[in-house]
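To keep things clear, I will list the structure first and then write my remarks on it.
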Ligand code: SF4
């Protein structure tokens, strides 16, 4: 380990927050030193998060036909994709998906809906009714990602027993106008503030591999840090045919691992959850995620794309000597 990496690692292990300059130094890690960086991130993860892996399954409870123009998203009506379009699923169907999540080994179940938010009061009440049923009967922690949320909606979800709410910053503020123009970065911040005020746990992260620079990665990560989210969801762009992001050379798997490791330095105590794009971007390096500092993954299928069979991921975790929480 080089002296600078060693010093930064010791500082994090001694409960000190990493500075922007130190994070910049980590971003400059050369290829020869990457495995030392991963090893250091793993040491931090072991100290603050142990050897447990959290598993979260998601259900696409309302799909497609979204009015927003997020360039990466297969469910935006501005993009020409083959994503399914359907209104909010019934309570029984959402419960059935939660049951499948539990059977796949997940401890968390996240109800996700396409669209800017849930404006229809009947739909919102449906979600409020199903949350306590899933908690009581299936003993799962229930999360949701329903787009923009008012403070009243956040409080109602908390009262219904929701554990955590996901709303990502998606990318750096400086890149955001190239990714979405139908709602602003400030709109996103408003929902995040409402989630924090309601007392719900916050799940807030972004997507990497959309053409952002290393300084923009740090811009995103330090913006996230201000909110101190309990969970940082990390997506690696999996470009779906028909979405509008300009074609860029895909990142190498080692670069995604480097991003994961740097996140662990910046968020030593938080859950770092690897979400969409894991299989396609990391390929055979997926097990390295856990030795680069991640401690949580999505298990099963994603919103519009397939994931690994859950049994394969469970086997991978067992083979690594890690334990499912
Ligand atoms: S990310 Fe959400 S808001 Fe943006 S287009 Fe997709 S479903 Fe709509």
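Residue numbers (the working numbering): 1 to 325. Glycine is no exception: its CB is placed at the ideal position from the N, C-alpha and C atoms.
Counted as a single uninterrupted DSSP element, the beta strand (DSSP E) harbouring residue 145 occupies residues 141-145. Excluding its 5 nearest sequence neighbours in each direction, residue 270 has C-beta neighbours in its own chain below 7 Å: 229, 230, 231, 232, listed in chain order. With a minimum length of 4 residues, the unbroken runs of alpha helix (DSSP H) contained wholly in the stretch 248-311 fall at 253-266, 278-282, 288-291. The chain-ordered list of residues whose CB is nearer than 5 Å to some heavy atom of ligand 1 reads 66, 68, 70, 73, 75, 76, 114. As DSSP reads the structure, residue 86 sits in a beta bridge with 63. Between the alpha carbons of residue 138 and residue 99 lies a distance of about 7 Å. For the pair residue 75 and residue 282, the CB atoms are not nearer than the 8 Å cut-off. Residue pairing by DSSP leaves residue 18 without any beta bridge partner.
With fewer than 16 other CB atoms across the displayed protein chains lying within 10 angstroms of its CB, residue 15 is exposed. Rounded to the nearest whole angstrom, the CA to CA distance from residue 169 to residue 7 is 30 Å. Nearest to residue 157 by C-alpha distance, out of 209, 261, 200, is 200.
The beta-bridge partner set that DSSP reports for residue 232 consists of 272. For residue 219, the number of other beta carbons within 10 angstroms of its own is at least 16, and it is reported as buried.
Here DSSP, grouped into helix, strand and coil, assigns residue 320 to coil.
One thing to note: residue 94 has its Cβ within 8 Å of the Cβ of residue 59.
Sequence-distant partners of residue 23 (beyond 5 residues in either direction) whose C-beta falls short of 8 Å from its own C-beta, in its chain, are 218, 221, 222, 262, 265, 266. Sequence-distant Cβ neighbours of residue 107 in its own chain, meaning closer than 8 Å and more than five residues away, are 54, 55, 56, 140, 141, 324, 325. For residue 97, no beta strand (DSSP E) encloses it; the enclosing alpha helix (DSSP H) starts and ends at 91-103. The C-alpha of residue 192 is placed about 30 Å away from the C-alpha of residue 104.
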